[in-house]
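Participant:
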Amino acid sequence: MMDLVSFDVKHNEANGENNRDGESHNSSWNCGAEGITHDIAVLSLRHRQVRNFFVALFLSAGTPMMLMADETGHTKHGNNNAWCQDTEANYFQWNLLRADRSGAGGSREPSSEDHPSRDVNVGCALHRFVRSMIRFRRKHRMFRPDAFVGEKDITWHGRRPGLPQWESAYNLLAFTMKDHERGEDVYVAFNAGGEEQDLELPAVVGKTWFRIVDTNRSPPNDFVDFKTVALQHHYRIAPWSALVLKALPAEAEILVGPGLMRSYSATAQLARTSTMRGFVPEDQNSADSTLPQPGPSQQGQRPSVLRETESRVNLAVRQEMPRSISRSFSRWDLSQGHS
Numbered sequence: 001m002m003d004l005v006s007f008d009v010k011h012n013e014a015n016g017e018n019n020r021d022g023e024s025h026n027s028s029w030n031c032g033a034e035g036i037t038h039d040i041a042v043l044s045l046r047h048r049q050v051r052n053f054f055v056a057l058f059l060s061a062g063t064p065m066m067l068m069a070d071e072t073g074h075t076k077h078g079n080n081n082a083w084c085q086d087t088e089a090n091y092f093q094w095n096l097l098r099a100d101r102s103g104a105g106g107s108r109e110p111s112s113e114d115h116p117s118r119d120v121n122v123g124c125a126l127h128r129f130v131r132s133m134i135r136f137r138r139k140h141r142m143f144r145p146d147a148f149v150g151e152k153d154i155t156w157h158g159r160r161p162g163l164p165q166w167e168s169a170y171n172l173l174a175f176t177m178k179d180h181e182r183g184e185d186v187y188v189a190f191n192a193g194g195e196e197q198d199l200e201l202p203a204v205v206g207k208t209w210f211r212i213v214d215t216n217r218s219p220p221n222d223f224v225d226f227k228t229v230a231l232q233h234h235y236r237i238a239p240w241s242a243l244v245l246k247a248l249p250a251e252a253e254i255l256v257g258p259g260l261m262r263s264y265s266a267t268a269q270l271a272r273t274s275t276m277r278g279f280v281p282e283d284q285n286s287a288d289s290t291l292p293q294p295g296p297s298q299q300g301q302r303p304s305v306l307r308e309t310e311s312r313v314n315l316a317v318r319q320e321m322p323r324s325i326s327r328s329f330s331r332w333d334l335s336q337g338h339s
């Protein structure tokens, strides 16, 4: 897959047949430079394009299929007929996975200092993204249908909801997959052109769109399943990028990292979690307050579980809930908490 975004033509010279072997029609695009380059803009676009392809692959019906080491950005240096090569062109680069397990490089961006043999050293960051997409596919059954997808299952969009621009020369397409089991619909958009586009998001009654994937964002913010960001009615999608949103209840929902419970109501979560003692209710004298009060040494302190971040969790609570917690804690990231 990395060669698909790194070479316009085949490079089979190493096979000893003067580049006459192999398929000459590759339907590929090198993103602005043929093969090895140190151009940051080209490297970043290649990185983004590979993630776009994985979004399309894992959100498609049928069985996803990919070549060995696509998930780590493996390259055969443009050789599309490398069966005869007993070289790194056909070896799995295990050192990249060892770095990923150690936590090193998980948020690695392409650099002009990347080793020339690697070209785009997506390695660990791409491996993390692919694993996240696999988990997302397994969690959402509508992307694994056992029957033909019909109008009740999918709604097509263009820049505006329900208005796909099938005849447009510009390559923009969006759709909503309906979740008939849990009502957690998923909105997907692909901008396969060189211009930023303003998308009007479909209305979702009683719910809010949360960003899951934006391939234009640097790792690890390209996939933020546990650090979702609530969106308004529009989203500007970058050139050559893919977007995945998920519709979740706008009220009484908590999306957090593995260290905390995921989908309990705000009432139960705030009442049970001792690490949230830094919350100060609106009415501290209210008799119906179920929140633990901060002690003298904790006054004015923010517990370690809460920290301000660009990844924000919308904890807007239903107004009919006890007045002591009927407030919005919409700027806190709970992903680093501990159970």
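With the first letter of the sequence shown counted as 1, position 193 gets the number 193 in our numbering; the numbers rise by one all the way through. Glycine residues also receive a C-beta, built at the ideal position from the N, C-alpha and C atoms.
Straight-line CA distance for residue 135 to residue 34?
Facilitator: Numbered from 1 along the sequence shown, position 135 holds the residue referred to as residue 135. Numbered from 1 along the sequence shown, position 34 holds the residue referred to as residue 34. Cα-Cα distance, rounded: 34 Å.
Participant: Just the Cα atoms here: how many angstroms apart are residue 162 and residue 155?
Facilitator: As a first step, residue 162 is located in the sequence shown; it is residue number 162 there, counting from the start. As a first step, residue 155 is located in the sequence shown; it is residue number 155 there, counting from the start. The alpha-carbon atoms of residue 162 and residue 155 are separated by roughly 7 Å.
Participant: Using a Cβ-Cβ cutoff of less than 7 Å, which residues in the same chain neighbour residue 76 once the five nearest sequence positions on both sides are dropped?
Facilitator: On the sequence shown, position 76 is the one that residue 76 refers to. So the qualifying residues of the chain are 3, 82, 89.
Participant: Kindly list the residues whose CB is nearer than 6 Å to the CB of residue 242, restricted to its own chain and excluding five residues on each side of it in sequence; keep chain order.
Facilitator: Reading the sequence shown from its first residue, position 242 is the one you call residue 242. Excluding positions up to five away in sequence, the list reads 52, 55, 190, 215.
Participant: Less than 8 Å between the CB atoms is what I'm expecting for residue 5 and residue 31, so what's the real figure, rounded?
Facilitator: Stepping through the sequence shown from its first residue, residue 5 is reached at position 5. Stepping through the sequence shown from its first residue, residue 31 is reached at position 31. The pair is a contact, with the Cβ atoms about 6 Å apart (cut-off 8 Å).
Participant: Could you tell me the alpha carbon to alpha carbon distance between residue 126 and residue 165, rounded to whole angstroms?
Facilitator: Here the question's residue 126 lines up with position 126 in the sequence shown. Here the question's residue 165 lines up with position 165 in the sequence shown. If you take the alpha carbons of residue 126 and residue 165, they lie about 31 Å apart.
Participant: Grab the span of the beta strand (DSSP E) containing residue 234 for me, first residue to last.
Facilitator: Walking along the sequence shown from the start, residue 234 turns up at place 234. First-last of the beta strand (DSSP E) with residue 234: 234-237.
Participant: Counting only the same chain and skipping the five closest in sequence on each side, list residues whose C-beta sits under 8 Å from that of residue 69.
Facilitator: Against the sequence shown, residue 69 aligns to sequence position 69. For residue 69, where only same-chain residues beyond five positions count, the Cβ hits under 8 Å are 92, 93.
Participant: The alpha helix (DSSP H) with residue 126 in it runs from where to where?
Facilitator: Looking up residue 126 in the sequence shown gives position 126. Residues 123-139.
Participant: Is the distance from the Cβ of residue 206 to the Cβ of residue 249 below 8 Å?
Facilitator: Locating residue 206 in the sequence shown gives position 206, counting from the first residue. Locating residue 249 in the sequence shown gives position 249, counting from the first residue. Going by C-beta atoms, residue 206 is nearer than 8 Å to residue 249.
Participant: Report the three-state DSSP secondary structure of residue 211 (helix, strand or coil).
Facilitator: Indexing the sequence shown from 1 puts residue 211 at position 211. It is a strand residue.
Participant: Scan the region 22-97 and note each continuous alpha helix (DSSP H) run of 4 residues or more that stays entirely inside, going in chain order.
Facilitator: Those alpha helix (DSSP H) runs which fall completely within the region 22-97 and span 4+ residues are 40-58.
Participant: If you draw a straight line from the alpha carbon of residue 213 to that of residue 203, how long is it in whole angstroms?
Facilitator: Walking along the sequence shown from the start, residue 213 turns up at place 213. Walking along the sequence shown from the start, residue 203 turns up at place 203. About 19 Å.
Participant: From the DSSP output, in three-state form, read off residue 4 for me.
Facilitator: As a first step, residue 4 is located in the sequence shown; it is residue number 4 there, counting from the start. If DSSP states are grouped into helix, strand and coil, residue 4 belongs with the helices.
Participant: Go to residue 241, then tell me how far its beta strand (DSSP E) extends in each direction, as first and last residue.
Facilitator: Locating residue 241 in the sequence shown gives position 241, where the first residue counts as 1. Element bounds for residue 241: 241-249.
Participant: By a C-beta neighbour count over all protein chains shown, 10 Å radius and 16 as the cutoff for buried, is residue 48 buried or exposed?
Facilitator: Locating residue 48 in the sequence shown gives position 48, counting from the first residue. Buried, since its Cβ has 16 or more Cβ neighbours within 10 Å.
Participant: Nearest by alpha-carbon distance to residue 186: which of 175, 195, 196 is it?
Facilitator: Walking along the sequence shown from the start, residue 186 turns up at place 186. Nearest of 175, 195, 196 to residue 186, Cα basis: 175.
Participant: Within 10 angstroms of its Cβ, does residue 139 collect 16 or more other Cβ (buried), or is it exposed?
Facilitator: The residue labelled residue 139 in the question sits at position 139 within the sequence shown. Answer is exposed; the Cβ neighbour count stays below 16.
Participant: Assuming residue 231 is part of the beta strand (DSSP E), what are its boundary residues?
Facilitator: Translated into the one-based positions of the sequence shown, residue 231 becomes position 231. No beta strand (DSSP E) contains residue 231, which DSSP labels as neither H nor E.
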